[in-house]
Amino acid sequence: MNKNTIRIGGVPEHFNLPIHLAIEGKAFESRGINVEWTTFRGGTGQMTKALRDGEIDLCILLTEGIITDIVNGNPSKIISEYITTPLTWGIHTSVKNSLKYYQDIYDKNYAISRFGSGSHLMAIVDANSNGKKIEKEQFKVIKNLEGALDSLDKLETDVFYWEKYTTKPYVDSGQLRRVGQYKTPWPCFVIAATDKILEEQPENVIRVLRTIHDRCDAFQQDETNSIPLVSKRHDLVLEDVERWFHSTGWAIHGWVSDKMLKSVIFQLYMAEIVAKDAVIPELIWRR
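Going by my numbering, the first residue of the sequence shown is number 790, and it counts up by one from there.
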(Lines of atoms letter the chains of each structure in order from A and count residues from 1; the text may use other names and numbers.)
(Lines give C-alpha, C1' and ligand atoms only; values in the text may rest on other atoms or scores of the structure.)
Protein backbone atom coordinates (compact mmCIF):
# COMPACT_ATOMS: atom_id res chain seq x y z
CA MET A 1 0.00 0.00 0.00
CA ASN A 2 1.19 3.48 -0.89
CA LYS A 3 2.55 5.21 2.23
CA ASN A 4 0.17 8.12 1.59
CA THR A 5 -2.91 5.93 1.10
CA ILE A 6 -5.69 5.96 3.68
CA ARG A 7 -8.47 3.38 3.32
CA ILE A 8 -11.82 4.81 4.47
CA GLY A 9 -15.08 2.94 5.00
CA GLY A 10 -18.68 3.97 5.56
CA VAL A 11 -22.29 3.07 4.93
CA PRO A 12 -23.98 3.92 1.59
CA GLU A 13 -26.09 6.66 3.15
CA HIS A 14 -26.65 10.38 2.68
CA PHE A 15 -24.63 11.34 5.79
CA ASN A 16 -21.41 10.49 3.95
CA LEU A 17 -22.04 12.57 0.83
CA PRO A 18 -19.57 15.33 1.89
CA ILE A 19 -16.75 12.76 1.90
CA HIS A 20 -17.70 11.47 -1.54
CA LEU A 21 -17.76 15.04 -2.83
CA ALA A 22 -14.27 15.56 -1.37
CA ILE A 23 -13.04 12.43 -3.17
CA GLU A 24 -14.67 13.45 -6.46
CA GLY A 25 -13.29 16.98 -6.17
CA LYS A 26 -9.77 15.63 -5.46
CA ALA A 27 -9.67 17.52 -2.16
CA PHE A 28 -7.67 14.74 -0.49
CA GLU A 29 -5.23 14.62 -3.39
CA SER A 30 -4.64 18.37 -3.01
CA ARG A 31 -3.26 17.57 0.46
CA GLY A 32 -1.10 14.74 -0.86
CA ILE A 33 -3.35 11.89 0.30
CA ASN A 34 -4.68 9.01 -1.77
CA VAL A 35 -8.04 7.90 -0.34
CA GLU A 36 -9.58 4.52 -1.11
CA TRP A 37 -13.29 4.29 -0.20
CA THR A 38 -15.07 1.04 0.71
CA THR A 39 -18.84 0.82 1.14
CA PHE A 40 -20.08 -1.34 4.01
CA ARG A 41 -23.73 -2.27 3.55
CA GLY A 42 -23.65 -4.30 6.77
CA GLY A 43 -23.20 -1.17 8.85
CA THR A 44 -21.20 -0.60 12.01
CA GLY A 45 -20.76 -4.25 12.99
CA GLN A 46 -19.18 -5.00 9.63
CA MET A 47 -16.89 -1.98 9.93
CA THR A 48 -15.66 -2.74 13.45
CA LYS A 49 -14.66 -6.18 12.16
CA ALA A 50 -12.88 -4.59 9.18
CA LEU A 51 -10.93 -2.32 11.54
CA ARG A 52 -9.95 -5.30 13.68
CA ASP A 53 -8.89 -7.31 10.63
CA GLY A 54 -6.81 -4.47 9.17
CA GLU A 55 -8.93 -4.29 6.02
CA ILE A 56 -9.58 -0.59 6.54
CA ASP A 57 -7.72 2.27 8.25
CA LEU A 58 -10.51 4.64 9.12
CA CYS A 59 -14.31 4.39 9.32
CA ILE A 60 -17.35 6.57 9.83
CA LEU A 61 -19.56 4.54 12.15
CA LEU A 62 -22.06 4.65 14.99
CA THR A 63 -20.78 6.07 18.27
CA GLU A 64 -22.19 3.32 20.49
CA GLY A 65 -20.93 0.56 18.17
CA ILE A 66 -17.29 1.60 18.10
CA ILE A 67 -17.22 2.39 21.84
CA THR A 68 -18.54 -1.11 22.60
CA ASP A 69 -16.01 -2.71 20.27
CA ILE A 70 -13.03 -0.74 21.62
CA VAL A 71 -14.04 -1.80 25.14
CA ASN A 72 -14.13 -5.36 23.81
CA GLY A 73 -10.59 -5.13 22.46
CA ASN A 74 -10.70 -3.42 19.07
CA PRO A 75 -7.25 -1.76 18.65
CA SER A 76 -8.68 1.54 17.41
CA LYS A 77 -9.42 5.06 18.63
CA ILE A 78 -12.12 7.65 18.02
CA ILE A 79 -10.38 10.52 16.21
CA SER A 80 -13.29 12.92 15.70
CA GLU A 81 -17.01 13.29 15.96
CA TYR A 82 -18.66 13.23 12.52
CA ILE A 83 -22.40 13.82 12.94
CA THR A 84 -22.92 15.96 16.03
CA THR A 85 -26.68 15.43 16.26
CA PRO A 86 -28.69 12.33 17.25
CA LEU A 87 -29.72 9.66 14.76
CA THR A 88 -33.43 9.06 14.34
CA TRP A 89 -34.01 5.32 14.10
CA GLY A 90 -37.17 4.19 12.38
CA ILE A 91 -38.72 1.09 13.98
CA HIS A 92 -40.19 -1.02 11.22
CA THR A 93 -42.20 -4.13 10.49
CA SER A 94 -43.61 -5.70 7.33
CA VAL A 95 -47.00 -4.51 6.10
CA LYS A 96 -47.95 -8.21 6.22
CA ASN A 97 -47.25 -8.32 9.96
CA SER A 98 -50.07 -7.91 12.48
CA LEU A 99 -47.78 -5.75 14.65
CA LYS A 100 -49.18 -2.21 14.75
CA TYR A 101 -47.98 -0.45 17.88
CA TYR A 102 -44.57 0.53 19.26
CA GLN A 103 -45.41 -0.64 22.78
CA ASP A 104 -45.96 -4.19 21.49
CA ILE A 105 -42.51 -4.76 19.97
CA TYR A 106 -40.49 -6.01 22.93
CA ASP A 107 -41.47 -9.71 22.85
CA LYS A 108 -41.08 -9.96 19.06
CA ASN A 109 -38.23 -11.23 16.87
CA TYR A 110 -35.70 -8.61 15.75
CA ALA A 111 -33.79 -8.41 12.48
CA ILE A 112 -30.25 -7.10 13.07
CA SER A 113 -27.41 -6.60 10.64
CA ARG A 114 -24.89 -8.11 13.08
CA PHE A 115 -24.43 -8.53 16.81
CA GLY A 116 -22.78 -5.31 17.97
CA SER A 117 -24.32 -3.30 15.15
CA GLY A 118 -26.51 -0.26 15.66
CA SER A 119 -29.66 -2.20 14.77
CA HIS A 120 -28.76 -4.58 17.62
CA LEU A 121 -27.48 -2.11 20.24
CA MET A 122 -30.19 0.51 19.81
CA ALA A 123 -32.97 -2.07 20.13
CA ILE A 124 -31.49 -3.03 23.52
CA VAL A 125 -30.97 0.58 24.66
CA ASP A 126 -34.52 1.48 23.61
CA ALA A 127 -35.99 -1.51 25.42
CA ASN A 128 -33.98 -0.76 28.55
CA SER A 129 -35.13 2.87 28.57
CA ASN A 130 -38.70 1.54 28.66
CA GLY A 131 -38.02 -0.97 31.43
CA LYS A 132 -37.99 -3.95 29.04
CA LYS A 133 -35.41 -6.60 28.17
CA ILE A 134 -34.80 -8.36 24.88
CA GLU A 135 -33.34 -11.88 25.03
CA LYS A 136 -30.52 -12.94 22.72
CA GLU A 137 -32.67 -15.57 21.01
CA GLN A 138 -35.03 -12.83 19.81
CA PHE A 139 -32.34 -11.53 17.43
CA LYS A 140 -31.77 -12.84 13.91
CA VAL A 141 -28.75 -11.71 11.87
CA ILE A 142 -29.80 -10.56 8.38
CA LYS A 143 -26.53 -8.77 7.34
CA ASN A 144 -27.97 -5.61 5.74
CA LEU A 145 -31.07 -3.66 4.74
CA GLU A 146 -31.82 -5.97 1.84
CA GLY A 147 -31.64 -8.96 4.17
CA ALA A 148 -34.02 -7.25 6.59
CA LEU A 149 -36.57 -6.52 3.88
CA ASP A 150 -36.57 -10.19 2.90
CA SER A 151 -36.73 -11.47 6.49
CA LEU A 152 -39.56 -9.12 7.45
CA ASP A 153 -41.51 -9.95 4.30
CA LYS A 154 -41.27 -13.68 5.06
CA LEU A 155 -42.39 -12.96 8.66
CA GLU A 156 -39.21 -14.60 9.97
CA THR A 157 -38.69 -11.42 11.99
CA ASP A 158 -41.04 -8.70 13.20
CA VAL A 159 -38.99 -5.63 14.09
CA PHE A 160 -36.11 -3.77 12.42
CA TYR A 161 -34.30 -0.60 13.50
CA TRP A 162 -32.69 1.46 10.70
CA GLU A 163 -32.09 5.12 9.96
CA LYS A 164 -35.48 6.73 9.36
CA TYR A 165 -34.85 8.51 6.07
CA THR A 166 -32.94 5.62 4.48
CA THR A 167 -35.95 3.36 4.98
CA LYS A 168 -38.64 5.97 4.24
CA PRO A 169 -38.90 5.06 0.53
CA TYR A 170 -39.87 1.52 1.59
CA VAL A 171 -42.44 2.94 4.00
CA ASP A 172 -43.82 5.23 1.28
CA SER A 173 -44.04 2.36 -1.20
CA GLY A 174 -45.96 0.18 1.25
CA GLN A 175 -43.25 -2.44 1.74
CA LEU A 176 -42.59 -1.49 5.37
CA ARG A 177 -44.71 -0.07 8.17
CA ARG A 178 -43.06 2.28 10.65
CA VAL A 179 -44.47 1.60 14.10
CA GLY A 180 -42.27 4.02 16.01
CA GLN A 181 -38.99 5.88 16.12
CA TYR A 182 -36.16 6.34 18.60
CA LYS A 183 -33.50 9.05 18.85
CA THR A 184 -30.05 8.23 20.12
CA PRO A 185 -29.33 10.28 23.25
CA TRP A 186 -25.89 11.26 21.87
CA PRO A 187 -24.15 12.42 18.64
CA CYS A 188 -24.66 9.51 16.32
CA PHE A 189 -21.58 9.09 14.09
CA VAL A 190 -17.86 9.34 14.85
CA ILE A 191 -14.70 8.75 12.87
CA ALA A 192 -12.44 5.98 14.17
CA ALA A 193 -9.02 4.80 13.04
CA THR A 194 -6.83 1.82 13.81
CA ASP A 195 -3.96 2.22 16.24
CA LYS A 196 -1.71 0.99 13.45
CA ILE A 197 -2.51 3.83 11.04
CA LEU A 198 -2.32 6.38 13.87
CA GLU A 199 1.18 5.17 14.68
CA GLU A 200 2.36 4.90 11.07
CA GLN A 201 0.72 7.92 9.40
CA PRO A 202 -0.41 10.43 12.06
CA GLU A 203 0.20 13.49 9.87
CA ASN A 204 -1.74 11.97 6.98
CA VAL A 205 -4.64 11.12 9.27
CA ILE A 206 -4.69 14.76 10.39
CA ARG A 207 -4.74 15.88 6.73
CA VAL A 208 -7.64 13.52 6.04
CA LEU A 209 -9.55 14.91 9.02
CA ARG A 210 -8.97 18.51 7.97
CA THR A 211 -10.24 17.70 4.49
CA ILE A 212 -13.37 15.99 5.84
CA HIS A 213 -14.08 18.84 8.25
CA ASP A 214 -13.61 21.47 5.54
CA ARG A 215 -15.91 19.64 3.14
CA CYS A 216 -18.55 19.05 5.82
CA ASP A 217 -18.47 22.73 6.73
CA ALA A 218 -18.98 23.76 3.09
CA PHE A 219 -21.71 21.14 2.62
CA GLN A 220 -23.82 22.25 5.57
CA GLN A 221 -23.41 25.94 4.75
CA ASP A 222 -24.70 25.45 1.19
CA GLU A 223 -28.27 24.20 1.62
CA THR A 224 -29.28 25.59 -1.79
CA ASN A 225 -27.11 23.01 -3.54
CA SER A 226 -26.67 20.34 -0.88
CA ILE A 227 -30.35 19.51 -0.34
CA PRO A 228 -31.24 18.82 -4.02
CA LEU A 229 -27.96 16.95 -4.47
CA VAL A 230 -28.77 14.57 -1.58
CA SER A 231 -32.26 14.09 -3.00
CA LYS A 232 -30.89 13.22 -6.44
CA ARG A 233 -27.96 11.04 -5.33
CA HIS A 234 -29.93 9.01 -2.80
CA ASP A 235 -33.34 9.03 -4.49
CA LEU A 236 -35.05 10.68 -1.52
CA VAL A 237 -38.06 13.01 -1.56
CA LEU A 238 -36.87 16.63 -1.50
CA GLU A 239 -39.11 17.59 1.44
CA ASP A 240 -37.74 14.67 3.48
CA VAL A 241 -34.17 15.74 2.71
CA GLU A 242 -34.99 19.30 3.85
CA ARG A 243 -36.24 17.99 7.22
CA TRP A 244 -33.22 15.72 7.59
CA PHE A 245 -30.70 18.40 6.55
CA HIS A 246 -32.04 20.94 9.04
CA SER A 247 -31.93 18.44 11.90
CA THR A 248 -28.39 17.24 11.15
CA GLY A 249 -25.03 18.79 12.02
CA TRP A 250 -21.55 17.79 10.84
CA ALA A 251 -18.40 18.23 12.92
CA ILE A 252 -15.96 20.85 11.66
CA HIS A 253 -13.16 20.07 14.13
CA GLY A 254 -11.71 16.99 15.80
CA TRP A 255 -12.82 17.65 19.37
CA VAL A 256 -14.57 14.72 21.06
CA SER A 257 -16.54 15.27 24.26
CA ASP A 258 -15.39 13.15 27.20
CA LYS A 259 -18.77 13.77 28.83
CA MET A 260 -20.54 12.41 25.75
CA LEU A 261 -18.45 9.23 25.85
CA LYS A 262 -19.20 8.76 29.56
CA SER A 263 -22.91 9.17 28.87
CA VAL A 264 -22.80 6.54 26.12
CA ILE A 265 -20.91 4.12 28.37
CA PHE A 266 -23.47 4.69 31.14
CA GLN A 267 -26.29 3.78 28.75
CA LEU A 268 -24.35 0.71 27.59
CA TYR A 269 -23.91 -0.30 31.24
CA MET A 270 -27.60 0.15 31.94
CA ALA A 271 -28.52 -1.91 28.88
CA GLU A 272 -26.01 -4.62 29.94
CA ILE A 273 -24.16 -4.29 26.64
CA VAL A 274 -20.95 -3.40 28.50
CA ALA A 275 -20.26 -5.09 31.85
CA LYS A 276 -20.18 -2.66 34.80
CA ASP A 277 -16.81 -4.09 35.88
CA ALA A 278 -15.32 -3.72 32.38
CA VAL A 279 -12.03 -1.85 32.17
CA ILE A 280 -12.60 1.14 29.87
CA PRO A 281 -9.49 1.71 27.74
CA GLU A 282 -8.48 5.01 26.16
CA LEU A 283 -11.18 5.71 23.58
CA ILE A 284 -9.89 8.94 22.02
CA TRP A 285 -6.76 9.65 19.99
CA ARG A 286 -4.92 12.23 22.14
CA ARG A 287 -2.86 14.04 19.54
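Glycine residues also receive a C-beta, built at the ideal position from the N, C-alpha and C atoms.
As the structure is a computational prediction, the values presented were derived from the model and not from experiment.
Here the alpha carbons of Val1030 and Asn1014 stand approximately 12 Å from one another. It is roughly 9 Å from the alpha-carbon of Ile1001 to the alpha-carbon of Ala816.
Judged by DSSP secondary structure, Ser865 falls outside any alpha helix (DSSP H) and instead within the beta strand (DSSP E) spanning Ser865 to Ile872. Sixteen is the threshold: when 16 or more other Cβ atoms of the shown chains lie within 10 Å of the Cβ of Arg1004, as they do, the residue is buried.
Per DSSP, reduced to three states, the secondary structure at Glu825 is strand.
For Thr833 against Gly854, the beta-carbon gap comes to about 4 Å, under 8 Å, which counts as contact. For a cut-off of 8 Å, the C-beta gap from Ile812 to Leu847 is around 13 Å, too long to register as a contact.
As for any beta strand (DSSP E) of minimum length 3 sitting wholly inside the region 927-974, the runs are 928-930, 948-952 and 965-972, ordered along the chain. Ile845 sits away from Ala1060, with the two beta carbons spaced by 9 Å or more. The criterion of a C-beta distance shorter than 9 Å is not satisfied by Thr973 and Leu1050.
Classified as exposed, Phe904 has fewer than 16 neighbouring CB atoms from the shown chains inside 10 Å of its CB. In the structure shown, the three-state DSSP call for His809 is helix. Bounds of the alpha helix (DSSP H) holding Gly907 are Gly907 to Ser918. If one requires a minimum length of 4 residues, the alpha helix (DSSP H) runs lying completely within the region 975-1052 are 984-989, 991-1010, 1012-1023 and 1027-1034, in chain order.
Within 10 angstroms of the beta-carbon of Ala1067 lie fewer than 16 other beta-carbons, which makes it exposed. Here the alpha carbon of Asn898 sits roughly 15 Å from the alpha carbon of Val968. DSSP places Arg903 in no alpha helix (DSSP H); its state is neither H nor E. In the DSSP assignment, Leu840 is bridged to no other residue. For Ile855, the uninterrupted alpha helix (DSSP H) segment begins and ends at Thr852 to Val860.
The alpha carbon of Arg996 has as its nearest neighbour, out of His809, Phe804, Glu818 and Glu802, the alpha carbon of Glu818. Ranked by Cα distance from Tyr891, the options Gln835, Ile868, Tyr971 and Gly907 are led by Tyr971.
If you check the CB distance, Asn863 and Thr837 come in under 9 Å. Gly834 carries a helical assignment under DSSP once its states are collapsed to helix, strand and coil.
It is roughly 28 Å from the alpha-carbon of Asn886 to the alpha-carbon of Gln835.
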